[in-house]
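**Q**
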Amino acid sequence: MLRVGTETKIRGVEQEYPVSARGRLNPSLLANTAIQGLKWRQIAREVAWDLCRETSQERHEARIRSSFATNGSRIYNDMGHLEIATPAYNNPFDAVAYDKAAEIYAVLGSQEAGIILHERVVTHKNNVANSFGGLDSGARRGKRRPITTRTYATHGNCITTRAACADWSRVERALIPWLVTRILFTGGGDMVSGDLFGEGGAKFVISPRALFVTQQSSLATTTSRGILNTRDQPHAAHHYWRLHDIHFEALRSEYALFLRDIMQALVIRAFEQGFLTGAPELEDPVSTFKQLARDTTSCEWRITLKSGERTDAVAVLQFYLDAVERLQDSEEHGPSRWDEIGLTCFAELLADLEARRLEKYVDGIDWVTKLALLVNYDPRTAAEGIGICNQYALLDETSLLYLGEERGMTSNVLFNPHDSLAFAQRAVQGVDWTALPERVSYALDNAPEQTRDYFKTAVLKRYGSQVRRASWSTIELPEARVLLDEPFMLNAEEIGPVIAEEDADLTAILATAKRLYPEKVTQ
134 MLRVGTETKI RGVEQEYPVS ARGRLNPSLL ANTAIQGLKW RQIAREVAWD
184 LCRETSQERH EARIRSSFAT NGSRIYNDMG HLEIATPAYN NPFDAVAYDK
234 AAEIYAVLGS QEAGIILHER VVTHKNNVAN SFGGLDSGAR RGKRRPITTR
284 TYATHGNCIT TRAACADWSR VERALIPWLV TRILFTGGGD MVSGDLFGEG
334 GAKFVISPRA LFVTQQSSLA TTTSRGILNT RDQPHAAHHY WRLHDIHFEA
384 LRSEYALFLR DIMQALVIRA FEQGFLTGAP ELEDPVSTFK QLARDTTSCE
434 WRITLKSGER TDAVAVLQFY LDAVERLQDS EEHGPSRWDE IGLTCFAELL
484 ADLEARRLEK YVDGIDWVTK LALLVNYDPR TAAEGIGICN QYALLDETSL
534 LYLGEERGMT SNVLFNPHDS LAFAQRAVQG VDWTALPERV SYALDNAPEQ
584 TRDYFKTAVL KRYGSQVRRA SWSTIELPEA RVLLDEPFML NAEEIGPVIA
634 EEDADLTAIL ATAKRLYPEK VTQ
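Taking the working numbering, the leading residue of the sequence shown gets 134, the next gets one more, and so forth.
(1) On the DSSP letters alone, give me the boundaries of the beta strand (DSSP E) that Ser-351 sits inside.
(2) Does DSSP classify Thr-166 as helix, strand or coil?
(3) May I ask you to report which of helix, strand or coil DSSP gives Tyr-222?
(4) Going by the beta-carbon positions, is the gap between Trp-500 and Ile-339 smaller than 7 Å?
(5) I'd like to check one pair, Leu-639 with Tyr-596: are the Cβ atoms closer than 7 Å?
(6) With DSSP collapsed to three states, give me the class of Thr-141.
(7) Could you check if Val-254 is buried or exposed, using at least 16 other CB atoms within 10 Å of its CB as the buried criterion?
(8) In or out: Ser-144 buried (at least 16 other Cβ within 10 Å) or exposed?
(9) Just to confirm, are Thr-256 and Ser-264 a CB contact at a threshold of 7 Å?
(10) What do you get for Glu-140, buried or exposed, if any count of 16 or more other CB atoms within 10 angstroms of its CB means buried?
(11) Report yes if the CB atom of Pro-620 is closer than 7 Å to the CB atom of Thr-584, and no otherwise.
(12) On the criterion of 16 or more Cβ atoms from any shown chain inside 10 Å, does Leu-344 qualify as buried, or is it exposed?
(13) Using CA atoms only, rank isn't needed, just tell me which of Val-229, Glu-530, Pro-279, Ile-217 is closest to Val-240.
(14) If you reduce the DSSP assignment to three classes, tell me which class Gly-271 lands in.
(15) With DSSP collapsed to three states, give me the class of Ala-625.
(16) If you draw a straight line from the alpha carbon of Met-622 to that of Leu-649, how long is it in whole angstroms?
(17) I'd like the ranges of any alpha helix (DSSP H) spanning at least 4 consecutive residues and lying wholly in the stretch 558-623.
(18) Val-261: buried (16+ other C-beta within 10 angstroms of its C-beta) or exposed?
(19) Using the three-state DSSP reduction, which class does Gln-148 fall into: helix, strand or coil?
(20) Tell whether a beta-carbon distance below 7 Å holds between Pro-220 and Asp-552.
(21) Enumerated in chain order, which unbroken segments of the alpha helix (DSSP H) with a length of 4 residues or greater are wholly contained in the stretch 458-546?
(22) For the alpha helix (DSSP H) that contains Lys-647, what are its first and last residues?
(23) Consult DSSP for Tyr-388 and reduce its assignment to one of helix, strand or coil.
(24) Could you give the C-beta distance for Glu-387 and Leu-554, rounded to a whole number, given that I count them as a contact under 8 Å?
Here's what the structure looks like:
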């Protein structure tokens with residue numbers, strides 16, 4: 134199979150979901166119970182995690198009990214959050230489908246947890262939690278109660294080349310301006326404590342994650358966060374580098390999910406090929422990130438470059454569009470269909486952002502939609518504003534609409550799947566969005582056909598009791614150990630025919646794998 138453009142890029146998303154209950158139960162208990170519920174529903178099974186390929190977090194990984202879902206997702210409790218890491222995929226339609234499948238897992242897990250614990254258990258898809266301080270004497274005299282905002286993560290991953298990332302200063306120069314300015318269409322939007330920038334009360338921001346950044350690059354993800362993350366865990370052969378993007382943000386709009394995925398992949402390809410030389414360098418990336426995130430009213434989005442020039446954030450995004458177009462003009466096989474669709478959408482978006490036509494993107498860009506809800510409901514207090522954003526992020530059975538199920542369901546959730554999908558149908562031409570329910574149904578129970586997760590998931594489903602250990606790039610059985618360090622190896626085209634044979638046993642499957650990749654299967 135000939136893969137061109139961004140179809141050559143493997144990517145995936147890790148989403149941390151806070152699970153909560155009115156009974157103020159321990160978050161880790163709630164996350165673990167939700168995972169247990171997914172096991173009881175036979176959506177996930179526990180598997181010992183193979184640490185031999187981990188290079189920087191062995192101690193942390195050793196403490197985590199991992200489960201693999203029927204679609205190849207890794208599900209686990211990460212510091213009190215239900216974390217669902219999607220399987221690897223290589224196109225933006227699957228980015229949407231597997232993201233929605235993860236939402237459904239989170240809903241089903243919280244439902245099962247509620248049954249087990251006899252409590253109403255809920256799950257949100259966002260990146261911040263706000264809490265109010267106690268009523269002190271000052272508060273009783275009419276002063277505002279202090280608000281504390283904490284953050285958790287949505288991480289994006291895309292496999293690139295180690296050679297491209299060998300000079301980290303080159304990575305910073307090329308990608309930091311992109312990561313800072315892309316929040317204009319990838320920002321999740323939320324209410325946060327004004328104390329984060331020297332003001333009281335709660336304020337709405339484009340990107341809540343941006344306010345927790347302290348430096349340009351860092352290895353840490355929970356403290357002293359960088360715009361770029363330097364974690365060296367390729368989850369593949371050593372000549373790869375997994376760009377671990379800790380600022381992906383929790384999104385619900387299909388349009389935003391689609392465009393974020395395809396543009397991230399296009400920009401990384403342009404970076405690999407050297408087309409991002411001369412990217413506009415920001416004078417102070419950390420401060421710029423925070424200032425841009427706060428600019429939701431005037432929407433000036435002004436940025437100071439290292440040269441001293443003042444420019445518009447949209448102009449920085451335009452640099453990346455131009456670079457990707459130059460890349461595509463240079464390629465022998467031209468862009469993929471997905472690349473053409475993505476670039477058309479991005480060009481239209483930049484024209485609208487330049488003209489500040491934000492009203493067009495209600496139901497399309499998450500922060501714009503949340504801001505419109507806040508304007509519409511006109512909250513009287515910080516608590517009411519926070520509640521509106523939380524009601525948008527709340528996951529409930531309306532997520533089952535992505536399976537084509539209506540069932541007369543009612544909901545108080547402010548995110549409207551019908552309106553969001555209708556926006557994607559209007560804004561992303563060339564995609565059959567009516568096929569999304571079928572693809573989400575597939576994504577609940579199957580890994581993407583194009584990647585190594587197809588083989589690993591098929592083995593776990595049929596021979597799970599025999600699997601000793603597994604990881605993103607390994608699977609160990611009594612008969613053999615398979616090193617899955619090439620992201621596209623043993624996909625459906627390669628190994629699917631023997632797996633589909635009713636009488637094919639594990640020995641036959643492993644024999645085929647060894648014939649295809651003799652050095653990757655050891656006995």
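For each residue, glycine too, the CB sits at the ideal point set by N, CA and C.
**A** With the given structure in hand:
(1) Unbroken beta strand (DSSP E) run through Ser-351: 346-351.
(2) In the structure shown, Thr-166 sits in a helix (DSSP, three-state: H, G or I).
(3) In the displayed model, Tyr-222 falls within a strand according to three-state DSSP.
(4) In contact: Trp-500 and Ile-339 (Cβ atoms closer than 7 Å).
(5) Yes, the pair counts as a contact, with Cβ atoms nearer than the cut-off.
(6) If DSSP states are grouped into helix, strand and coil, Thr-141 belongs with the helices.
(7) Label assigned to Val-254: buried.
(8) Here residue 144 turns out to be Arg, not Ser, going by the sequence shown. With 16 or more Cβ atoms within 10 Å of its Cβ, Arg-144 is classed as buried.
(9) No. Outside cutoff.
(10) Under this definition Glu-140 is a buried residue.
(11) Going by C-beta atoms, Pro-620 is nearer than 7 Å to Thr-584.
(12) Leu-344 is buried by the Cβ-count criterion.
(13) Looking at the Cα atoms, Glu-530 is the closest of the given residues.
(14) Only weak support is given to the placement of Gly-271: the predicted model assigns it a pLDDT of 44, under 50, and the question is left unresolved by the model.
(15) In this structure, Ala-625 counts as helix in the three-state DSSP scheme.
(16) Rounded to the nearest angstrom, the gap between the Cα atoms of Met-622 and Leu-649 is 9 Å.
(17) Fully enclosed alpha helix (DSSP H) runs of 4 or longer: 569-578, 586-596.
(18) It is buried - the Cβ of Val-261 has at least 16 other Cβ atoms within 10 Å.
(19) Gln-148: strand per DSSP, three-state reduction.
(20) The answer is no: Cβ separation not under 7 Å.
(21) Counting only runs of 4 or more, we get 470-487, 499-510, 515-526.
(22) DSSP places Lys-647 inside the alpha helix (DSSP H), whose first and last residues are 639-649.
(23) Residue state, collapsed to three classes: helix.
(24) Confirmed, Cβ separation roughly 6 Å.
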